[in-house]
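Quick note, the sequence shown lines up with residues 0 to 94 if you use numbering that gives the first Met the number 0.
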Amino acid sequence: MIEAIDAVRVRGDSVGGVVTCIARNVPRGLGCPVFDKLEADLAKAMLSLPATKGFEFGSGFSGTFMTGSEHNDEFYIGEHGRDIQWRNHLYENSF
């Protein structure tokens, strides 16, 4: 990577790249499900960096090729009738 950067820098040019970040053991319920989502806050921070053109979670941009029933997370009432639980594709596809 350093060699690729040095090779274009001497020509006064630049190269792109991809950064991967994996958060493990994040507590369930961090952020709000509608407003102030953790994903929205992280995306805002990352997209504020100059030249950033994309940001994805879980299945990311490949989710645009799926139907809603394939991609959306399922919500249902927990066994005690008060907890809402879901299957979260974000976690299924991140590890």
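Where is the CB? At the ideal position from N, CA and C, for every residue including glycine. Given the structure is predicted, the values throughout are model-derived calculations rather than measurements.
{"query": "Of the residues A3, V17 and V18, which one's Cα is nearest the Cα of G11?", "result": "A3"}
{"query": "CA-CA distance, D5 and V18?", "result": "19 Å"}
{"query": "Going by DSSP, what residue range makes up the alpha helix (DSSP H) through R8?", "result": "I1 to R8"}
{"query": "Below 8 Å between beta carbons: does that hold for F54 and A42?", "result": "yes"}
{"query": "Give the DSSP-derived three-state secondary structure of T66 in the structure shown.", "result": "coil"}
{"query": "Go through its chain and collect everything with a Cβ distance to S68's Cβ below 7 Å, but skip five positions before and after it.", "result": "none"}
{"query": "Which residue marks the beginning of the alpha helix (DSSP H) containing A50, and which one marks its end?", "result": "No alpha helix (DSSP H) holds A50; DSSP gives it neither H nor E."}
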